[in-house]
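Protein chains in written order, with the working numbering: chain A, 1 to 225; chain B, 1001 to 1426. See structure below.
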């Protein structure tokens, strides 16, 4: 698609900044759809929290609030690093120097690794919960919650929402880790890495969004005890 | 297409027994069929809707030609914009809802199962939060097409351009606030019902703004009753009937009476078939010379437009009466007294079918045997008519600059020839 007379931007755009504007705007629209996607589940959460507040408190007490806190911290650090990497790229674009490349790449690598640490903690928590019989379904350990409505099954709703919402978030994390790892590798290898600036900005925006979703999920599940 | 393959595949291997709405707990607990597979197909189609809407929104914001300001946009672009907003805002909610149904079926939790604490009404709320706006996804582009056709064949600028543009956005916005009118008898709170009833009636305002503006565009125009115009006029009439019965249905008392009867079926089809399909056919006939470079037979075009209009009314008008008299929908048997209306309806549907098959024939025929179309066979305004028919891959040799408003139609002389093929002058 890229025309030979105009190597810095693609055909329908007038200028590189026009193309950048379109990429960022497009991603923002995409993030709006993501908000509604998670929003549907948050509506479900609100409805059942309202109906069974005690079940949600009980459920929340079984989660490890410190692990959740550590996960939050890990994500926020990653967000900071990717923001710095993106800033470096923009500066590199201005000065036409390539010295920024190495520093940006290792920040991206650390961000991706922090994402993996986050998932590790999360999946360890899943493992523990499933071991305790708290995964929803026929084997759910409802005898632990017999004083709750529907002979304990109201607590099952808490765990159902927990696994659905954090699971959906984890899926977004996996995509994000692949994207951040991918753009890091691409910048490392590219002959003109400054031309990957738009892609990096868009990926960084996505990564920040996935972090913000967690900023909502953490209090909704871990802090309502 | 992948999504379509899933849903078509489901129909072939046995279908789903949930009804099209997938209401829980039928779909989540009791259905014994291919619900998850069907939901997967719908989920994939949802992705394509979202991507399409996103593409349109970004393009309309950032890729307009120089001089093409927002208030010089053709109305079809405005309605596409409104449609795209609905697609990106509503579709994700349906996707996540179907996801929850799938989770419930696979893992056996009880999100929507009242027996273990879930709330089946939650499903209906989430479902209609998408599925009501979805009908506006269908009708808005049709309104855009009609807004293109009417000025062209009345040879007058569109009356009240700004109002027509904004009423499209208003329909899109209000569309998000009326989903509860599908749930008047579901057991939702009576206050919610009152509010949804009121908000649903509000939709009539922007819809009427459009109808009145199209009519005002016709006023003192030089009207050419070519095929696209016949469809557009059909749209205006049928959409008005569909819209007015919509207001009746928005009032709770009347809705209780005709709920789940043929009245609903008739109302829905007056909007979707009388409205959207008429506009679609009008649009196909309007842009056919542009899309394919071929001129179809005007005589056959007019005949089939007439057949479609008559067949449609014969098929669906009796259903208003049937519904009002109490004939429920989705039953294969009915009381004897209703038979005459059912016969009329069947006859109308057969005529309608002929009306739909005819264009298939003469449009395909025109591809091979029709006269070649000039750049602008209708003498219409708008950028698409300045390129050759059919347009080349890169639509414009150089980026055009727009200097005037849309629908800058000169008053025509009676003898103005439109709809004729002309030798290509390049």
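C-beta atoms are modelled at their ideal positions from N, C-alpha and C, and glycine is treated no differently. Keep in mind that this is a model prediction, so the values were computed, not measured.
Buried or exposed (CB count within 10 angstroms, at least 16 for buried), residue 219 of chain A: Reading the first chain from its first residue, position 219 is the one you call residue 219 of chain A. Exposed is the call here.
Applying the 10 Å Cβ sphere with the 16-neighbour rule, what's the burial state of residue 225 of chain A? Stepping through the first chain from its first residue, residue 225 of chain A is reached at position 225. Exposed, since its Cβ has fewer than 16 Cβ neighbours within 10 Å.
Is the segment 89–108 of chain A touching the segment 57–64 of chain A in the sense that three or more CB pairs, one from each, lie closer than 8 Å? no
Does any residue of chain B bring its CB to less than 8 Å from the CB of residue 156 of chain A? Numbered from its first residue, the first chain carries residue 156 of chain A at position 156. It does: the Cβ of residue 156 of chain A has a partner Cβ on chain B nearer than 8 Å.
Chain B contact for residue 59 of chain A (CB, 8 Å cutoff): By 1-based counting over the first chain, the position of residue 59 of chain A is 59. Chain B, which has no Cβ nearer than 8 Å to the Cβ of residue 59 of chain A, makes this no.
8 Å contact criterion, which residue 1111 of chain B and residue 160 of chain A should meet: CB distance rounded: On the second chain, position 111 is the one that residue 1111 of chain B refers to. On the first chain, position 160 is the one that residue 160 of chain A refers to. Residue 1111 of chain B to residue 160 of chain A, Cβ: 6 Å. Contact.
Once the 5 residues before and after residue 1395 of chain B are set aside, which same chain residues still bring their CB inside 6 Å of it? Within the second chain, residue 1395 of chain B is the residue found at index 395, counting from 1. The residues are 1387.
Residues of its chain near residue 3 of chain A, where Cβ-Cβ distance is below 7 Å and the 5 sequence neighbours each way are ignored: Residue 3 of chain A sits at position 3 when you count from the first residue of the first chain. Residue placement at residue 3 of chain A is poorly supported in this model, since its pLDDT is 40, which falls under 50; the coordinates still yield a value, given next. Closer than 7 Å at the Cβ level, and outside the excluded window around residue 3 of chain A, lie 11.
Spatial distance of residue 150 of chain A from residue 58 of chain A (CA atoms): Reading the first chain from its first residue, position 150 is the one you call residue 150 of chain A. Reading the first chain from its first residue, position 58 is the one you call residue 58 of chain A. The straight-line gap from Cα to Cα measures roughly 14 Å.
Would you mind telling me which residues of chain B sit closer than 8 Å to residue 71 of chain A, beta carbon to beta carbon, in chain order? Taking the first chain and counting its residues from 1, the one referred to as residue 71 of chain A is at position 71. Within 8 Å Cβ-Cβ: nothing; residue 71 of chain A doesn't reach chain B, min ~23 Å.
Of the residues A:39, A:50, A:185, the one placed nearest residue 155 of chain A, counting alpha carbons only: Residue numbering aside, residue 155 of chain A sits at position 155 when the first chain is read from its first letter. Ranking A:39, A:50, A:185 by Cα distance to residue 155 of chain A puts A:50 first.
Alpha helix (DSSP H) containing residue 1145 of chain B: first to last residue? Locating residue 1145 of chain B in the second chain gives position 145, where the first residue counts as 1. Start and end: 1120–1154.
Spatial neighbours of residue 1338 of chain B in its chain, beta-carbon cut-off 8 Å, leaving aside the 5 residues before and after: One-based indexing of the second chain puts residue 1338 of chain B at position 338. The residues are 1322, 1325, 1327.
Quick check on residue 1207 of chain B: buried or exposed, where buried means 16 or more other Cβ atoms within 10 Å of its Cβ? In the second chain, counting from the first residue as 1, residue 1207 of chain B sits at position 207. Result: buried.
8 Å is my cut-off, CB to CB: does residue 1182 of chain B come that close to chain A? The sequence position of residue 1182 of chain B within the second chain is 182, counting from 1. Not closer than 8 Å to any Cβ of chain A, the Cβ of residue 1182 of chain B fails to qualify, so no.
Paired residues, beta bridge with residue 1328 of chain B - DSSP: As a first step, residue 1328 of chain B is located in the second chain; it is residue number 328 there, counting from the start. Bridge partners of residue 1328 of chain B: B:1261.
Closest by C-alpha distance to residue 1284 of chain B, when choosing among B:1246, B:1313, B:1300, B:1227: Taking the first residue of the second chain as position 1, residue 1284 of chain B is located at position 284. Residue B:1227 is the option with its Cα nearest to residue 1284 of chain B.
For the alpha helix (DSSP H) containing residue 1388 of chain B, name the first residue and the last one. Within the second chain, residue 1388 of chain B is the residue found at index 388, counting from 1. Counting along the chain, residue 1388 of chain B falls outside any alpha helix (DSSP H), and DSSP gives it neither H nor E.
Residue 1294 of chain B, DSSP secondary structure in three states: Locating residue 1294 of chain B in the second chain gives position 294, where the first residue counts as 1. The answer is strand: DSSP assigns residue 1294 of chain B an E or B state.
For residue 1067 of chain B, I'd like the list of residues in its chain whose CB is within less than 8 Å of its CB, leaving aside the five on either flank, ordered along the chain. Position 67 of the second chain, counted from the start, is the residue given in the question as residue 1067 of chain B. When the five nearest sequence neighbours on each side are left out, the beta carbons in the same chain lying within less than 8 Å of the beta carbon of residue 1067 of chain B are those of 1401, 1402, 1403, in order along the chain.
What are the boundary residues of the alpha helix (DSSP H) that residue 972 of chain B is part of? An answer regarding residue 972 of chain B cannot be provided, because it is not within the stretch 1001 to 1426 covered by chain B.
Cβ-based burial, residue 1229 of chain B [other Cβ within 10 Å; buried from 16]: On the second chain, residue 1229 of chain B is found 229 positions in, with the first residue counted as 1. Buried is the label assigned to residue 1229 of chain B, since at least 16 other Cβ atoms lie within 10 Å of its Cβ.
Check whether the Cβ of residue 53 of chain A lies closer than 8 Å to any Cβ atom in chain B. Here residue 53 of chain A refers to the residue found at position 53 when the first chain is read from its first residue. Chain B, which has no Cβ nearer than 8 Å to the Cβ of residue 53 of chain A, makes this no.
Measure from the alpha carbon of residue 1314 of chain B to the alpha carbon of each residue in B:1364, B:1333, B:1269, then state which is nearest. For the purposes of this step, residue 1314 of chain B is identified with residue 314 of the second chain, where counting begins at 1. Looking at the Cα atoms, B:1269 is the closest of the given residues.
I think residue 1136 of chain B touches residue 1086 of chain B, with their Cβ atoms under 8 Å apart; what is that distance to the nearest whole Å? As a first step, residue 1136 of chain B is located in the second chain; it is residue number 136 there, counting from the start. As a first step, residue 1086 of chain B is located in the second chain; it is residue number 86 there, counting from the start. With 8 Å as the limit, residue 1136 of chain B and residue 1086 of chain B qualify as a contact, their Cβ atoms being about 6 Å apart.
Between residue 1092 of chain B and chain A, is any beta-carbon pair separated by less than 8 Å? Translated into positions along the second chain, residue 1092 of chain B becomes position 92. So, interface residue.
Select from B:1334, B:1312, B:1296 the residue whose C-alpha is nearest the C-alpha of residue 1370 of chain B. Along the second chain, one-based indexing puts residue 1370 of chain B at 370. Taking each of B:1334, B:1312, B:1296 in turn and checking the Cα distance to residue 1370 of chain B, the smallest one comes out for B:1296.
Is it a yes or a no for the segment 1159–1166 of chain B touching the segment 1114–1127 of chain B, going by three-plus beta-carbon pairs under 8 Å? no
Meets three-Cβ-pair contact criterion under 8 Å: the segment 70–84 of chain A and the segment 113–130 of chain A: At 8 Å Cβ cutoff, the stretches touch.
Thinking C-alpha only, which one of B:1157, B:1017, B:1048 is nearest residue 1003 of chain B? The residue given as residue 1003 of chain B occupies position 3 in the second chain. Residue 1003 of chain B has its Cα closest to that of B:1048, out of B:1157, B:1017, B:1048.
Can you check whether the CB of residue 27 of chain A is closer than 8 Å to the CB of residue 175 of chain A? Reading the first chain from its first residue, position 175 is the one you call residue 175 of chain A. Reading the first chain from its first residue, position 27 is the one you call residue 27 of chain A. For residue 175 of chain A and residue 27 of chain A, no; Cβs fall outside 8 Å.
Give every residue of the same chain whose Cβ lies closer than 6 Å to the Cβ of residue 1079 of chain B, excluding the five residues on either side of it in the sequence, and list them in chain order. For the purposes of this step, residue 1079 of chain B is taken as residue 79 along the second chain, with counting starting at 1. Counting only Cβ-Cβ distances below 6 Å, and skipping sequence neighbours, we find 1140, 1141, 1143, 1144, 1168.
Can you confirm whether residue 18 of chain A, when its beta carbon is compared against all beta carbons of chain B, has any partner nearer than 8 Å? Residue mapping note: residue 18 of chain A aligns to position 18 of the first chain, counting from 1. Chain B contact via Cβ: present.
Output needed in chain order: residues of the segment 135–152 of chain A with a Cβ under 7 Å from some Cβ in chain B. 136, 137, 138, 149, 150
Rounded separation between residue 1405 of chain B and residue 1157 of chain B - CA only: By 1-based counting over the second chain, the position of residue 1405 of chain B is 405. By 1-based counting over the second chain, the position of residue 1157 of chain B is 157. Looking at the two C-alpha atoms, the distance is approximately 9 Å.
Taking residue 119 of chain A as the reference, which of A:24, A:87, A:169, A:88 has the closest Cα? Counting from 1 along the first chain, the entry for residue 119 of chain A is found at position 119. Closest option to residue 119 of chain A, Cα to Cα, is A:169.
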